[in-house]
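**Student:** Sending over a structure as structure tokens; questions will come in a sec.
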Amino acid sequence: MKITIFGSGYVGLVTGACLADVGNDVLCVDVDPAKIAILENGCIPIHEPGLDAVIARNTAAGRLQFTTDAKQGVAHGLFQFIAVGTPPDEDGSADLRYVIAVARTISEHINNYRIIIDKSTVPVGTANKVQATLQKGLAARNLNIDFDVVSNPEFLKEGAALEDFMRPDRIIIGADSPQAIEHMRALYAPFNRNHERLLVMDIRSAELTKYAANAMLATKISFMNELSNLADALGADIEQIRIGIGSDPRIGYQFIYPGAGYGGSCFPKDVNALERTAQEVGYTARILQAVEAVNQDQKLVLFKKLDSYFQGQLQGKIIALWGLAFKPNTDDMREASSRVLMEALWDAGAKVQAFDPVAMPEAERIYGQRPDLQLLESADAALIGADVLVIITEWSLFRSPDFAKIRSELKYPVLFDGRNMFDPNIVTAAGLSYMAIGRPAAHPKTSAT
Numbered sequence: 002m003k004i005t006i007f008g009s010g011y012v013g014l015v016t017g018a019c020l021a022d023v024g025n026d027v028l029c030v031d032v033d034p035a036k037i038a039i040l041e042n043g044c045i046p047i048h049e050p051g052l053d054a055v056i057a058r059n060t061a062a063g064r065l066q067f068t069t070d071a072k073q074g075v076a077h078g079l080f081q082f083i084a085v086g087t088p089p090d091e092d093g094s095a096d097l098r099y100v101i102a103v104a105r106t107i108s109e110h111i112n113n114y115r116i117i118i119d120k121s122t123v124p125v126g127t128a129n130k131v132q133a134t135l136q137k138g139l140a141a142r143n144l145n146i147d148f149d150v151v152s153n154p155e156f157l158k159e160g161a162a163l164e165d166f167m168r169p170d171r172i173i174i175g176a177d178s179p180q181a182i183e184h185m186r187a188l189y190a191p192f193n194r195n196h197e198r199l200l201v202m203d204i205r206s207a208e209l210t211k212y213a214a215n216a217m218l219a220t221k222i223s224f225m226n227e228l229s230n231l232a233d234a235l236g237a238d239i240e241q242i243r244i245g246i247g248s249d250p251r252i253g254y255q256f257i258y259p260g261a262g263y264g265g266s267c268f269p270k271d272v273n274a275l276e277r278t279a280q281e282v283g284y285t286a287r288i289l290q291a292v293e294a295v296n297q298d299q300k301l302v303l304f305k306k307l308d309s310y311f312q313g314q315l316q317g318k319i320i321a322l323w324g325l326a327f328k329p330n331t332d333d334m335r336e337a338s339s340r341v342l343m344e345a346l347w348d349a350g351a352k353v354q355a356f357d358p359v360a361m362p363e364a365e366r367i368y369g370q371r372p373d374l375q376l377l378e379s380a381d382a383a384l385i386g387a388d389v390l391v392i393i394t395e396w397s398l399f400r401s402p403d404f405a406k407i408r409s410e411l412k413y414p415v416l417f418d419g420r421n422m423f424d425p426n427i428v429t430a431a432g433l434s435y436m437a438i439g440r441p442a443a444h445p446k447t448s449a450t
């Protein structure tokens, strides 16, 4: 099948690469010539495990190509995927200018039947706007060409996107055209073989499903973080509570891990956009408001623990920071908890020595060169001369550290764990105090005298 993907960012590249990998003829279109040049030279502008190899083999086989020529893109594919960014607008709503721009471009070049597929995360009613834009463009050209608009939201986790696309939990198709639905069934047949994963619904329900899914996951995280703060105040252990409630199959263990707050390009943006959508129809989404408010507060919990430990005297302190990305297996620092923590530390006069396996170039791009931030070549290097250690991203590289070495390097023998990665007994046995999220502070046992 011939497929065009407008947008060569995270969603567009993963979608294009995976569709090409099952034998389709895919053309990715982007307005950024520099990005296209990078892709044509065999590099990718994002970090996603395994994606470079998939792109390389499909490019070599001629199944995956890249261009800036929108006219060529419209002519190429029966399927026209819109996978451009929908950044938050000033009021928190999703900015649809790039989605509508692609729809306008398609309307300027379309000459026969096409299926226009909203892959970007977009608010309810976007398909209607895309359809109206195409109809207006065709009317300006005095043409009457059939087309269908379909909602096909993505459910890709950064760091596991290839697995999510190739072995999806569900494939949501929002459409009202039997012809378009049959074409979409055929397109996704290679990903839908061992059991039925494809769910067909009306377009508005499909658009809302994506937001509802992310909002539900964000709600679980914020609720657990709320409980962790309550556990902190009551002297309880949130990790024991997590196991206690997770054993109930109605609740389960997924997404009930307390931590330093969620980040990334999806949850914060989508929760705000859905809350804004509710406002537009006269509904106050109080739970959504609370989810985001709790998350913003949670990103400061580690700073408050540090500030309390040093009794408000953070000026001149050197904080070793392990992790910068908002989650493991990505270099994405959008809305990352590390950013909130570092900026609060800098405001208090502290310095940061940070290490992240892949996100340090992104940190340098965001913050540039500054005297209160050192980006070090290893986790061990970040410890040298530091007062305390903070872990804020749960990279597997950090899961089994040499606690004795950490103890020997730090001026103050304290580990602040923003992701509750460790057994407090193991940490304290190495002579470190252990400060985690929603857990009683643990200290080394002193010998009886």
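Residue numbers in the sequence shown follow the numbering used here, run continuously in steps of one, and reach 450 at the last position.
The beta carbon of each residue, even a glycine, is placed where N, CA and C say it ideally should be.
Every value quoted in this text rests on a predicted model; they were computed, and no experiment measured them.
Using only the alpha-carbon positions, how far apart do F268 and A190 sit?
**Tutor:** Near 29 Å, if we compare the C-alpha coordinates of A190 and F268.
**Student:** In this structure, does DSSP put C29 in helix, strand or coil?
**Tutor:** It is a strand residue.
**Student:** Rounded to whole angstroms, what's the CA-CA distance from F404 to G51? Just pull it up for me.
**Tutor:** Using only the alpha carbons, I get a separation of about 32 Å.
**Student:** Quick one: residues in its chain with C-beta nearer than 7 Å to the C-beta of L452, no 5 flanking neighbours on either side, listed in chain order?
**Tutor:** The question about residue 452 has no answer here: the residues shown for the chain are numbered 2 through 450.
**Student:** Got a sec, what are the start and stop residues for the beta strand (DSSP E) W396 sits in?
**Tutor:** Run containing W396: none; DSSP gives neither H nor E here.
**Student:** For L65, which option in I37, G86, P89 and I47 has the closest C-alpha, if you only look at C-alpha atoms?
**Tutor:** The shortest C-alpha separation from L65 is found at I37.
**Student:** Which two residues bound the contiguous alpha helix (DSSP H) that contains R98?
**Tutor:** First-last of the alpha helix (DSSP H) with R98: R98 to H110.
**Student:** Measure the alpha-carbon distance for L231 versus I118 and round it to whole angstroms.
**Tutor:** Those two C-alpha atoms are separated by around 45 Å.
**Student:** Leaving out five residues before and five after L139 in sequence, what residues of the same chain have Cβ atoms less than 8 Å from its Cβ?
**Tutor:** Once the five neighbours on either side are set aside, the close Cβ partners of L139 are S108, I111, N145 and I146.
**Student:** Could you give the DSSP three-state label for A449: helix, strand or coil?
**Tutor:** Note that A449 scores 46 on pLDDT, short of 50, meaning its location in the model is unreliable; the coordinates nonetheless yield the value given after this. DSSP places A449 in coil when its eight states are reduced to three.
**Student:** Roughly how many angstroms lie between the CA atoms of G78 and V292, to the nearest whole one?
**Tutor:** So the two alpha carbons sit approximately 41 Å from each other.
**Student:** Take I385 as the anchor and find which of I320, A128 and Y368 has the nearest alpha-carbon.
**Tutor:** Out of I320, A128 and Y368, I320 has the C-alpha closest to the C-alpha of I385.
**Student:** So, under 8 Å CB-CB, N273 and P89 are touching, yes? Tell me the CB distance rounded to an integer number of Å.
**Tutor:** Going by Cβ atoms, the distance from N273 to P89 rounds to 6 Å, so yes, they are a contact pair.
**Student:** Should the segment 398-415 be called in touch with the segment 431-444, which here means at least 3 C-beta pairs below 8 Å?
**Tutor:** Contact holds: three or more Cβ-Cβ distances are below 8 Å.
**Student:** What's the call for R115, buried or exposed, on a 16-neighbour Cβ count within 10 Å?
**Tutor:** By the neighbour-count rule (16 or more Cβ atoms within 10 Å), R115 is buried.
**Student:** Kindly indicate which residue of D308, G262, G283 and I45 has the alpha-carbon position closest to the one of A294.
**Tutor:** It is G262 whose Cα lies nearest to the Cα of A294.
**Student:** Run the proximity test for D165: is its beta-carbon closer than 7 Å to any non-hydrogen atom belonging to the ligand ADP?
**Tutor:** With respect to small molecules bound, the structure shown includes none, and the ligand ADP cannot be examined in it.
**Student:** Given a cut-off of 8 Å, decide if V15 and A128 are closer than it, judged by their beta-carbon atoms.
**Tutor:** Taking 8 Å as the Cβ cut-off, A128 and V15 do not qualify as a contacting pair.
**Student:** For the candidate residues D333, M167, D233 and I173, whose alpha-carbon lies nearest to that of L209?
**Tutor:** It is I173 whose Cα lies nearest to the Cα of L209.
**Student:** In angstroms with no decimal places, state the Cα-to-Cα distance between E41 and C19.
**Tutor:** The straight-line gap from Cα to Cα measures roughly 17 Å.
**Student:** With D332 and H48 assumed to form a contact (beta carbons below 8 Å), what rounded beta-carbon distance in angstroms separates them?
**Tutor:** Right, the Cβ-Cβ distance comes to about 4 Å (below 8 Å), so this counts as a contact.
**Student:** Label T285 either buried or exposed according to how many other C-beta atoms from any shown protein chain fall within 10 Å of its C-beta, with 16 as the threshold for buried.
**Tutor:** So T285 ends up on the exposed side.
**Student:** Using the Cβ count rule (16 or more neighbours within 10 Å means buried), how would you classify N426?
**Tutor:** The residue in question, N426, is exposed, as its Cβ has fewer than 16 Cβ neighbours within 10 Å.
**Student:** Can you tell me which of the three DSSP states S434 falls into?
**Tutor:** Correct three-state label for S434: strand.
**Student:** Compute the Euclidean distance between the alpha carbons of A80 and L275, then round it to the nearest angstrom.
**Tutor:** According to the sequence displayed, residue 80 carries Phe and not Ala. Approximately 28 Å between the Cα atoms of the pair.
**Student:** Note down the Cα distance separating G265 from M225, rounded to an integer number of angstroms.
**Tutor:** Distance between the alpha carbons of G265 and M225: 18 Å.
**Student:** Taking contact to mean 3 or more Cβ pairs, one atom from each stretch, closer than 8 Å, check whether the segment 304-318 and the segment 240-255 are in contact.
**Tutor:** No: the two stretches stay apart, fewer than three of their Cβ pairs being nearer than 8 Å.
**Student:** Residues in its own chain within less than 6 Å of Y11 by CB, not counting five upstream and five downstream?
**Tutor:** Excluding residues within five positions, the ones whose Cβ falls inside 6 Å are I47.
**Student:** Within the continuous beta strand (DSSP E) that includes Q66, where are the two ends?
**Tutor:** L65 to T68 is the extent of the beta strand (DSSP E) around Q66.
**Student:** Helix or strand or just coil, what does DSSP make of T16?
**Tutor:** Reduced to three states, the DSSP call for T16 is helix.
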